[in-house]
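Number of protein chains: 2
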Amino acid sequence: MIRPWPLAGSEQVFSAGLFRVTCDRARSPRTGEERNFHVIHMVDWLMVVPLTIDGGLVMVRQYRHGSRAASLEVPGGLHDAAGESAETGTARELAEETGYANGELVLLGDLRPQPALLSNTAHIYLAKGVQPVAGQEQDAGEDIEVVLIDRREIPARIARGEINNAMTLSALAMAHFAGHL
Amino acid sequence: MIRPWPLAGSEQVFSAGLFRVTCDRARSPRTGEERNFHVIHMVDWLMVVPLTIDGGLVMVRQYRHGSRAASLEVPGGLHDAAGESAETGTARELAEETGYANGELVLLGDLRPQPALLSNTAHIYLAKGVQPVAGQEQDAGEDIEVVLIDRREIPARIARGEINNAMTLSALAMAHFAGHL
Chain A
1 MIRPWPLAGS
11 EQVFSAGLFR
21 VTCDRARSPR
31 TGEERNFHVI
41 HMVDWLMVVP
51 LTIDGGLVMV
61 RQYRHGSRAA
71 SLEVPGGLHD
81 AAGESAETGT
91 ARELAEETGY
101 ANGELVLLGD
111 LRPQPALLSN
121 TAHIYLAKGV
131 QPVAGQEQDA
141 GEDIEVVLID
151 RREIPARIAR
161 GEINNAMTLS
171 ALAMAHFAGH
181 L
Chain B
1001 MIRPWPLAGS
1011 EQVFSAGLFR
1021 VTCDRARSPR
1031 TGEERNFHVI
1041 HMVDWLMVVP
1051 LTIDGGLVMV
1061 RQYRHGSRAA
1071 SLEVPGGLHD
1081 AAGESAETGT
1091 ARELAEETGY
1101 ANGELVLLGD
1111 LRPQPALLSN
1121 TAHIYLAKGV
1131 QPVAGQEQDA
1141 GEDIEVVLID
1151 RREIPARIAR
1161 GEINNAMTLS
1171 ALAMAHFAGH
1181 L
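Just so you know, the sequences run in chain order A and B. Oh and the first sequence: position 80 is 80 in our numbering, straight run, nothing missing. Oh and the second sequence: position 143 is 1143 in our numbering, straight run, nothing missing.
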């Protein structure tokens, strides 16, 4: 049985545009020793696996500033919990990034993106039967290409390293193991 | 075609135990506008999907300080590139965390844990035919329980939210889509 580590203190040590960092002091239930852990806090994330009626998976390719490379991903974004529900935000991100809409949105589940380092959660949706209804609406920080792939291509694209974003892979895993992919 | 954003500058703005943060200034190739992006840098990660001869998946449960909850995961750790090869480090982490060893180690591929936010890479291995050979060797920051599950339980454990760590889900996705799970 894994017991929680009682928290002895938490102090904010850095704050940037999208995240802040705390230094948390916690006590090991096994050794009694206290240790410091730096934790990154930011809003929750939204991700969606959009499927067309004829077996297409709607993905986006965009430049990512952490990896400094283009990344092939499922659509998603940040969840402004004060502004809208997770479902509304997911449908909005999907439409803005891809121009696809009108799907049936189903919550696949919630993930922890990196529970050792990040405190936030990602809400993962399936959108069944999406259709192209409009153009994209990109803000100045975005430069997004819509990529419609046959879902049977997913294993080969993973094997070739074309799909290598862990968040996208985990969303595809949730959709697959739930029987949708 | 997604073009790279030329980097106009990068400045370190924070440094903690395991990571440092830079503020990178990059220019959009679409609009020409410059924007700041905060990027988190740390060493690469190692993860391994360990399978026993009879279809068992060796997992670990441990308390995670980002989520402040116990997490059911595949074994892994940080890659000290100066100290050892990724393969040696993976075998060592597997043995220390679980007491299982003697498997055939195969590189499934490299992932980007979070390419918008993190600059690092995770090296994902399969270990085929592992056997229990010794006890665990935990350091003071660890409190790890070994959990041997039947791999046929994976979909149900994901559906119930018991496996909800995106890094673990992405490693399982790589193993599954490569035909090993």
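Just so it is clear, CB atoms sit at the ideal spot from N, CA and C, and this is done for glycine as well.
Under 8 Å by Cβ, that's how I've got residue i and residue j pegged, so tell me the actual separation to the nearest angstrom.
i               : j               : result
P1050 (chain B) : V1106 (chain B) : So it is not a contact: roughly 11 Å between Cβ atoms.
G161 (chain A)  : D1110 (chain B) : 7 Å
A95 (chain A)   : A134 (chain A)  : 7 Å
M167 (chain A)  : Q1114 (chain B) : 6 Å
V39 (chain A)   : M59 (chain A)   : With 8 Å as the limit, V39 (chain A) and M59 (chain A) do not qualify as a contact, their Cβ atoms being about 31 Å apart.
G99 (chain A)   : Q136 (chain A)  : 5 Å
A1173 (chain B) : A173 (chain A)  : 4 Å
Kindly list the residues whose CB is nearer than 8 Å to the CB of residue i, restricted to its own chain and excluding five residues on each side of it in sequence; keep chain order.
i               : result
H1079 (chain B) : V1043, D1044, W1045, L1046, A1086, G1089 and H1123
D150 (chain A)  : G55, G56 and L57
E1093 (chain B) : L1046, V1048, P1075, G1076 and G1077
P1006 (chain B) : A1026, R1027 and P1029
L169 (chain A)  : I158 and I163
E33 (chain A)   : R27
Cβ-heavy atom distance between residue i and the ligand MN below 7 Å?
i               : result
P1115 (chain B) : Looking at this structure, you won't find the ligand MN or any other ligand, since it has none at all.
What's the call for residue i, buried or exposed, on a 16-neighbour Cβ count within 10 Å?
i               : result
M1001 (chain B) : exposed
D24 (chain A)   : buried
N185 (chain A)  : An answer regarding residue 185 (chain A) cannot be provided, because it is not within the stretch 1 to 181 covered by chain A.
S1119 (chain B) : buried
E1097 (chain B) : buried
R64 (chain A)   : buried
R195 (chain A)  : Here chain A comprises residues numbered 1 to 181, so residue 195 (chain A) is not present and cannot be evaluated.
R1003 (chain B) : exposed
A1091 (chain B) : buried
What number of angstroms, rounded off, separates the C-alpha of residue i from the C-alpha of residue j?
i               : j               : result
A8 (chain A)    : D1054 (chain B) : 44 Å
A191 (chain A)  : P1029 (chain B) : There is no way to answer for residue 191 (chain A), as the model of chain A reaches only from 1 to 181.
E84 (chain A)   : I1144 (chain B) : 38 Å
T22 (chain A)   : A16 (chain A)   : 12 Å
T1052 (chain B) : A1171 (chain B) : 17 Å
T31 (chain A)   : P1132 (chain B) : 25 Å
S1010 (chain B) : R1035 (chain B) : 12 Å
A1082 (chain B) : R1112 (chain B) : 20 Å
G1154 (chain B) : P155 (chain A)  : At residue 1154 (chain B) the sequence reads Ile, which differs from the Gly that was named. If I take the Cα positions, the gap works out to 18 Å.
Q1012 (chain B) : R1068 (chain B) : 28 Å
Near residue i, which residues of its chain fall below 7 Å by C-beta distance, leaving aside the five closest residues on each side in sequence?
i               : result
E142 (chain A)  : Q62
A175 (chain A)  : V49, L108, L126 and L181
L72 (chain A)   : M59, R61, V147, E162 and I163
A116 (chain A)  : none
L1018 (chain B) : M1042
F1014 (chain B) : R1020 and V1021
F1037 (chain B) : D1024 and A1026
Beta-carbon within less than 6 Å of residue i's beta-carbon, same chain only, minus the 5 sequence neighbours each way: which residues are those?
i               : result
T1121 (chain B) : D1044 and D1110
A101 (chain A)  : A95 and V133
Near-chain A residues of the segment 1013-1040 of chain B - C-beta to any C-beta below 9 Å: Here the close residues are V1013, F1014, A1016, G1017, L1018, F1019, V1021, C1023, D1024, A1026, S1028, P1029, R1030, T1031, E1033, R1035, N1036, F1037, H1038, V1039 and I1040.
Residues of the segment 1130-1159 of chain B whose Cβ lies closer than 7 Å to any Cβ of chain A, in chain order: Residues of the segment 1130-1159 of chain B with a C-beta less than 7 Å from any C-beta of chain A: A1140, G1141, D1143, E1145, I1154, P1155, I1158 and A1159, listed in chain order.
Under 7 Å (Cβ pairs) to chain E, residues found in the segment 1089-1119 of chain B: The structure shown contains no chain E; its protein chains are A and B.
Chain-ordered residues of the segment 1055-1075 of chain B with a beta carbon less than 8 Å from chain A: Among the residues of the segment 1055-1075 of chain B, those with a Cβ less than 8 Å away from any Cβ of chain A are R1061, Q1062, Y1063, R1064, H1065, G1066, S1067, R1068, A1069, A1070 and S1071, in the order of the chain.
Residues in the segment 1160-1175 of chain B having any Cβ partner in chain A nearer than 7 Å: Residues of the segment 1160-1175 of chain B with a Cβ closer than 7 Å to any Cβ of chain A, in chain order: G1161, N1164, N1165, A1166, M1167, L1169, S1170, L1172, A1173 and M1174.
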